[in-house]
Structure formats: structure tokens, C-alpha cells
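K.L.:
Under our numbering, read the sequence shown as residues 115 to 297, first letter to last.
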Amino acid sequence: MNGLQLVTHAADFAARRHVNQKRKGSAGEPYINHLAEVAMLLASSTTAEDTELVAAGFLHDTLEDTPTEYEELVAHFGATVAKIVAEVTDDKSLPKAERKQLQVDKTSAKSVRARLLKMADKTSNLRSLATSPPADWDTARALEYVDWAERVVAGCRGLNSNLEKLFDAAAADARAAITAGPR
């Protein structure tokens, strides 16, 4: 499978696996929009044509949020893509607070590709928080999310100045939107 086929197969696979999922935001966007944005951020922010990383961008939530198994990703996309996805997948058997703290504590030790993916994911999440926050999140919870995302991305800095700039802009925009008005 060539790189273009890999990426389009990943996009199709992700769209089918997340078909009934929506973003948490008040706009209720289809979940594939998030996955496409993450893949686009990776494709446009890296200088090399890293189709495995872009494919992993589309697939990054399949192990965590769908019944997809690791072996299935290996069979469809190869061991490299599956490994990147597995690296950014939270262990859902752990309590949410522990999963979030593990992201802060462990992200800096992950592979370069996993850290780039993590930064793109957090950028997309912050952009969504700025434009379509979850209706049940108050100001404190939204600001807490921005602070947490910044702590996670601290372990990714120094890898890609383009992604860092996009993340920093997304964090600033989210803070401004959160503090600008009633929630």
C-alpha cells in the first residue's frame, strides 16, 4: 500500500469506526471532524511526508473509543502505525484523573511521532473548546482543561515549532473565549 492509500484507508476506517460519535461541544460536530483536523495539522506542520504519522492522526482514538483491537490496526495499517496509535491511547480501565496525570507524567518519554500526534490532538481539542465548548462545562472546568493541555504539551516542546505555534495560538484563543463571556 502506498502512502496515499494508507492515509485514505485510515480516514475511511476512522470514519466508519466513529460513525455514531459526536464531539462534546455544543455544536455536536461529527467526531471525524476532529480526526481529520488532527491529521491535517500533522500533514501541514511536518516537513517530511510522513504518511504513517498522518494515518495515525486519523486513527488515534480508535483503540480508546471504539471496539477496534490493536491487532486489527496492525493487520490494516502495519505495526508502525498501530504502535503510534497505541502510544497515545489512554488505559480506560484507570480512573479519569489518573489517566490525565499519566499523560502529563509520561508524554515526554514517548516517541517523537507520538508526541507530535499528542500536540496536534491537544491543538484540535483547544480549538474546539474555543468555538464550541461543552454546554455542561463551566469556566473553571474549561480553564482547567487548557491548563492540563499545556502541561501535557510541555513534554512535546522542542520537536516542531510549527505545531508549537499552532498549539500556543489555540491555547490563547481558548483562554480568551472562556473568559470573554458567560458560559
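Ideal placement from N, C-alpha and C gives every residue a C-beta, glycine not left out.
Since we're looking at a predicted model, the values are computed, not measured.
1) Name the two residues that bound the continuous alpha helix (DSSP H) containing L273.
2) Nearest by alpha-carbon distance to V260: which of S275, S238, G272 and R271 is it?
3) DSSP on K136, reduced to helix/strand/coil?
4) Please state if the CB of G269 and the CB of R229 are separated by a distance shorter than 8 Å.
5) Could you say which of E183, A189, R227 and I292 lies nearest to A157 if we only look at CA atoms?
6) Within the same chain, show all residues whose beta-carbon is closer than 7 Å to that of D282, passing over the 5 residues directly before and after it, in chain order.
7) Starting from the C-beta of K138, find all residues in its chain whose C-beta is less than 6 Å away, skip the five residues before and the five after it, and write them out in chain order.
8) Can you give the beta carbon distance from T165 to V121, rounded, assuming they're within the 8 Å contact cut?
9) Using the Cβ count rule (16 or more neighbours within 10 Å means buried), how would you classify D205?
10) What first and last residue would you give for the alpha helix (DSSP H) that runs through H190?
11) Quick one, are the C-beta atoms of L280 and L155 less than 8 Å apart?
12) Taking its Cβ as the centre, do 16 or more other Cβ atoms sit within 10 Å of N274, making it buried, or is it exposed?
13) Would A128 pass as a contact of L167 if the rule is Cβ separation under 8 Å?
14) Is D250 buried or exposed, if buried means 16 or more other CB atoms sit within 10 Å of its CB?
P.N.:
Taking the geometry as given:
1) The residue labelled residue 273 in the question sits at position 159 within the sequence shown. Unbroken run through L273: none, as it is neither H nor E.
2) In the sequence shown, counting from the first residue as 1, residue 260 sits at position 146. The shortest Cα separation from V260 among S275, S238, G272 and R271 belongs to S238.
3) On the sequence shown, residue 136 is found 22 positions in, with the first residue counted as 1. When DSSP states are grouped into helix, strand and coil, K136 belongs to the strand group.
4) In the sequence shown, counting from the first residue as 1, residue 229 sits at position 115. In the sequence shown, counting from the first residue as 1, residue 269 sits at position 155. Contact: yes.
5) Taking the first residue of the sequence shown as position 1, residue 157 is located at position 43. A157 has its Cα closest to that of R227, out of E183, A189, R227 and I292.
6) Position 168 of the sequence shown, counted from the first residue, corresponds to residue 282. Result list for D282: empty, nothing under 7 Å.
7) Counting from 1 along the sequence shown, the entry for residue 138 is found at position 24. Same-chain partners within the cutoff: P248.
8) For the purposes of this step, residue 165 is taken as residue 51 along the sequence shown, with counting starting at 1. For the purposes of this step, residue 121 is taken as residue 7 along the sequence shown, with counting starting at 1. Contact holds; Cβ gap of about 5 Å.
9) Against the sequence shown, residue 205 aligns to sequence position 91. Classification for D205: exposed.
10) If you number the sequence shown from 1, residue 190 lands on position 76. Start and end: Y184 to F191.
11) For the purposes of this step, residue 280 is taken as residue 166 along the sequence shown, with counting starting at 1. For the purposes of this step, residue 155 is taken as residue 41 along the sequence shown, with counting starting at 1. Closer than 8 Å, so yes.
12) Position 160 of the sequence shown, counted from the start, is the residue given in the question as residue 274. The residue in question, N274, is buried, as its Cβ has 16 or more Cβ neighbours within 10 Å.
13) Here the question's residue 128 lines up with position 14 in the sequence shown. Here the question's residue 167 lines up with position 53 in the sequence shown. No. Outside cutoff.
14) Counted from its first residue, the sequence shown places residue 250 at position 136. Taking every protein chain shown into account, the CB of D250 has fewer than 16 other CB atoms within 10 angstroms, so this residue is exposed.
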